[in-house]
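Enquirer: As they're listed, the protein sequences go chains E and W. Using this note's numbering, the first residue of the first sequence is number 1, and each one after it goes up by one. Using this note's numbering, the first residue of the second sequence is number 189, and each one after it goes up by one. Note that beta-carbon positions come from the ideal geometry of N, C-alpha and C, so glycine has one too.
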Amino acid sequence: MADPAAETLMTPERVFREFAPRVYHLARRMLNNDADAEDVTQDVLLQVVRKLDTFRGESSFPTWLHRVTVNAALAYRRKRAGREAHEIHDPLDNFDESGHHAGPVKRWTLKPEQIVLAKEQKQVIENAIAQLPEMYRDVYLLAETQQLPNADIAELLDINLPAVKSRLHRARLMMRDLLAPHFEENYA
Amino acid sequence: MRISCREITELLIDYVEGDLPETRMITMQQHICGCVPCAYYLETYHATIEATHALPDEPLPPEFEARLRQVLESWQAESSGVASSPRG
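Listed below in structure tokens is the structure:
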């Protein structure tokens, strides 16, 4: 019979193999920079493997890894403060004075129930994420790429739950507007 | 009670997460059923979320993966050397 402890045993090799891409892509998307993400990934993996002996599973391993990664990426961003600035159109400005949609809203070729992304579509989504202002991007990434609950995101980013929800909603609306021109159906 | 398209948009997160009181939920459903732009907006809001969920974490860039593996192996060699070195 398999030893359950052995099945869940986390080794440096396993951390590298199973979790390095997750750390790298979260850092890359948070920082909008491949080289910075490489620095953060190396830092996070070394921090984690050095402390593997002390990890007792009080929280799940992915939760711990998220915490270390987000802290490292935020610290890196603070160090390089001022390098990024995004101006983005407020999605709630797309309504007229009576509260109706000011322009046409079209359907997309991408249907929510059947999404398999082609390479170009992945790039369109990556580019849209990169255009989100940082305060919205962080929440969006943790909610939609890591699929963390709002309460975990609040703890990781040290903000309250209503702020998580409000930023997540605003980020989704911005993403919808950024993706729309690429995915709208054309009836021409 | 009437509700505008802008208000529908503001409440979408509560609507998709089922966090609205029942009467508000029904008001929204009635509006969305009778308003094509809001129905399409809701569909594309869902598609935005699902498309991001479908975004994969690709493998590491090969050069970085090799460099990272080297760093990890150096650390392992160093730490096992420290662990096995005689005391005193």
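Just to confirm, is the Cβ distance from residue 110 of chain E to residue 235 of chain W under 8 Å?
Expert: Going by C-beta atoms, residue 110 of chain E is nearer than 8 Å to residue 235 of chain W.
Enquirer: Using DSSP bridges, identify the partner residues of residue 101 of chain E.
Expert: In DSSP, residue 101 of chain E forms a bridge with E/95.
Enquirer: Tell me, please, whether the CB atom of residue 212 of chain W is closer than 8 Å to any CB atom in chain E?
Expert: No, residue 212 of chain W does not count as interfacial toward chain E.
Enquirer: Which value, in whole angstroms, describes the spacing of the CA atoms of residue 178 of chain E and residue 211 of chain W?
Expert: Looking at the two C-alpha atoms, the distance is approximately 32 Å.
Enquirer: Contact criterion: CB-CB distance below 8 Å. Does residue 112 of chain E meet it with respect to chain W?
Expert: Yes, residue 112 of chain E lies at the interface with chain W (some Cβ there is under 8 Å from its Cβ).
Enquirer: For residue 71 of chain E and residue 217 of chain W, I'd like the C-alpha separation in whole angstroms.
Expert: If I take the Cα positions, the gap works out to 41 Å.
Enquirer: Which residues of chain A have a Cβ atom closer than 7 Å to the Cβ of residue 144 of chain E, listed in chain order?
Expert: Among the protein chains of the structure shown, namely E and W, there is no chain A.
Enquirer: In the structure shown, what three-state DSSP assignment does residue 2 of chain E receive?
Expert: At residue 2 of chain E the pLDDT is 44, less than 50, meaning the model places this residue with poor confidence; the figure from the coordinates comes in the next sentence. Looking at residue 2 of chain E - three-state DSSP - the assignment turns out to be coil, as it is neither helix nor strand.
Enquirer: Which residues, in order along the segment 34–58 of chain E, keep a beta-carbon less than 8 Å from a beta-carbon of chain W?
Expert: Per Cβ criterion, the list reads 34, 38, 41, 42, 45, 46, 49, 50.
Enquirer: Identify which residue in E/39, E/183, E/157, E/94 has its Cα closest to the Cα of residue 259 of chain W.
Expert: Residue E/39 is the option with its Cα nearest to residue 259 of chain W.
Enquirer: Tell me the DSSP secondary structure of residue 134 of chain E in three-state form.
Expert: Note: residue 134 of chain E maps to helix in three-state DSSP.
Enquirer: So for residue 261 of chain W, helix, strand or coil by DSSP?
Expert: Reduced to three states, the DSSP call for residue 261 of chain W is helix.
Enquirer: Using a Cβ-Cβ cutoff of less than 7 Å, which residues in the same chain neighbour residue 146 of chain E once the five nearest sequence positions on both sides are dropped?
Expert: Same-chain partners within the cutoff: 26, 66.
Enquirer: Scan the segment 119–175 of chain E and note each continuous alpha helix (DSSP H) run of 4 residues or more that stays entirely inside, going in chain order.
Expert: Listed in chain order, they are 119–131, 134–140, 150–157.
Enquirer: Which residues in the same chain have their Cβ closer than 6 Å to the Cβ of residue 6 of chain E, if we skip the five residues on either side of it in sequence?
Expert: Only weak support exists for where residue 6 of chain E lies, its pLDDT of 45 falling under 50; the value from the coordinates is given anyway. Same-chain partners within the cutoff: there are none.
Enquirer: Kindly list, in the order they appear in chain W, the residues whose Cβ is closer than 8 Å to that of residue 108 of chain E.
Expert: Those within 8 Å of residue 108 of chain E in chain W are 231, 232, 235.
Enquirer: Whose Cβ in chain E lies nearer than 7 Å to the Cβ of residue 264 of chain W?
Expert: Result: 12.
Enquirer: Could you name the residues of chain W that residue 95 of chain E contacts, counting a contact when the two beta carbons are closer than 8 Å?
Expert: Those are 192, 193, 194, 197, listed as they occur along chain W.
Enquirer: Is residue 36 of chain E buried or exposed, if buried means 16 or more other CB atoms sit within 10 Å of its CB?
Expert: Buried.
Enquirer: On a Cα-Cα basis, can you pick out the residue from E/91, E/28, E/132 that is closest to residue 246 of chain W?
Expert: Out of E/91, E/28, E/132, E/28 has the C-alpha closest to the C-alpha of residue 246 of chain W.
Enquirer: Along the chain, where does the alpha helix (DSSP H) containing residue 207 of chain W start, and where does it finish?
Expert: Unbroken run through residue 207 of chain W: none, as it is neither H nor E.
Enquirer: Mark residue 144 of chain E as exposed unless 16 or more other C-beta atoms lie within 10 angstroms of its C-beta, in which case mark it buried.
Expert: With 16 or more Cβ atoms within 10 Å of its Cβ, residue 144 of chain E is classed as buried.
Enquirer: So, for residue 173 of chain E: in the same chain, excluding its five sequence neighbours on each side, which residues have a beta-carbon less than 6 Å away from its beta-carbon?
Expert: Closer than 6 Å at the Cβ level, and outside the excluded window around residue 173 of chain E, lie 91.
Enquirer: Which residues, in chain order, does the segment 152–182 of chain E contribute to contact with chain W at a C-beta distance below 8 Å?
Expert: The segment 152–182 of chain E vs chain W, Cβ under 8 Å: 165, 168, 169, 172, 173, 175, 176, 179, 180.
Enquirer: Given a cut-off of 8 Å, decide if residue 75 of chain E and residue 41 of chain E are closer than it, judged by their beta-carbon atoms.
Expert: Taking 8 Å as the Cβ cut-off, residue 41 of chain E and residue 75 of chain E do not qualify as a contacting pair.
Enquirer: I need the DSSP call for residue 198 of chain W, collapsed to helix, strand or coil.
Expert: If DSSP states are grouped into helix, strand and coil, residue 198 of chain W belongs with the helices.
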